[in-house]
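Report on the structure given below.
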Amino acid sequence: MATFKRNLRISLGFYTVYSDSNPLKRMFDPTQVPAPAPAGQIHPLGQALIAAVDERDRHTGEHCRRVCVLAVELGRRVGLDAAALDLLHQAAALHDLGKIGVPDMVLLKRGRLDEDEWEVMRSHADRGARLITAAGLHDAHALAKIVRHHHEHIDGSGYPDALRGDAIPLLSRIVALADSYDAMCEPRSYRDALPAAQALEIMRGERGVKFEHELFAQFEQALFELGV
Ligand SMILES: [Fe+2]
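For the sequence shown, our numbering assigns the number 1037 to the initial residue and increments by one for each residue that follows.
Here you go:
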């Protein structure tokens, strides 16, 4: 596994600038590793929705792009066929679409969310699914289902429907792994970005709770193959 740079934080007036400690960002740096080819093309309407996420919050948009690349790599590793990879590509790119409906005071809050605010934040899974259905994208039903369930945990402790194990769509479980890893490798206003090794260690401890063992093993291999 690659050696990861120590996170560096520099305060500039009211703003805080973070170094790019997230190893997944190297996938988008042509001087580091070549970006893996995405699976298929996203319909122009889907592209418009992705652009809407970018306009709403650039950090969410960038997160979705990284999750997309990592999820597709994991999908390839577990042997998804071309149609499933194409669906995964679109679902991963749109997994946080529902955040465009989360108010600024929650989405952009500096500091920890309280329980009421978390409830609003958790609504993004359902909001995203509803937006995809309303947009009438090709495969909207399947896409909406994957997006709706990307925060479920295999022990039933996730949301919005507390699904367990295989009741959670496989593509949702794939997006969840990529999503969790990238989220931990990104800074929050109340914590620094976690080093990649620490993020992985936390996720290893969540096997059997959030993630199943076999898919997690494939995920670690996917990270290795990507060189991140
Ligand atoms: Fe999410």
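Ideal Cβ positions, reconstructed from N, Cα and C, are used throughout, including at glycine.
Fair warning: this is a prediction, and the values are worked out from it, not measured in the lab.
For the alpha helix (DSSP H) that residue i lies in, which residues bound it at each end?
i: S1193; result: Unbroken run through S1193: none, as it is neither H nor E.
i: F1255; result: H1249 to L1262
i: V1211; result: L1206 to C1221
i: P1297; result: Past the boundaries of the shown model lies residue 1297; the chain is included only from 1037 to 1264, so the question cannot be answered.
i: R1166; result: H1160 to A1171
i: G1241; result: A1232 to G1241
i: H1186; result: H1186 -> no alpha helix (DSSP H), and no H or E assigned at all.
i: Q1126; result: A1118 to A1129
i: L1143; result: D1140 to L1143
Run the proximity test for residue i: is its beta-carbon closer than 7 Å to any non-hydrogen atom belonging to ligand 1?
i: H1187; result: yes
i: A1161; result: yes
i: D1090; result: no
i: H1131; result: yes
i: D1215; result: yes
Could you round the C-beta distance between residue i and residue j to whole angstroms and report it? I think they count as a contact, below 8 Å.
i: D1191; j: V1245; result: 5 Å
i: Q1126; j: I1078; result: 6 Å
i: R1158; j: Y1195; result: 5 Å
i: A1232; j: L1106; result: At roughly 12 Å, the Cβ-Cβ gap does not stay under 8 Å, so A1232 and L1106 are not in contact.
i: R1092; j: K1135; result: 7 Å
i: V1183; j: L1133; result: 7 Å
i: P1059; j: C1221; result: 7 Å
i: G1097; j: V1089; result: 5 Å
i: E1256; j: L1236; result: 7 Å
(message) Contact between the segment 1210–1219 and the segment 1186–1201 is defined here as three or more beta-carbon pairs at a separation below 8 Å; is this criterion met?
(response) yes
(request) Would you check if the segment 1102–1117 and the segment 1135–1149 touch, i.e. whether three or more CB-CB distances between them fall below 8 Å? (result) No, the segment 1135–1149 is not in contact with the segment 1102–1117.
(request) Mind the definition here: the segment 1245–1256 touches the segment 1192–1211 only if three or more C-beta pairs lie below 8 Å; say whether that holds. (result) In short, these stretches touch, since the Cβ pair count reaches three.
(request) Count the C-beta pairs between the segment 1117–1132 and the segment 1168–1184 that are closer than 8 Å, then say yes if the count reaches three, no if not. (result) The segment 1117–1132, when compared against the segment 1168–1184, does touch it at the 8 Å Cβ threshold.
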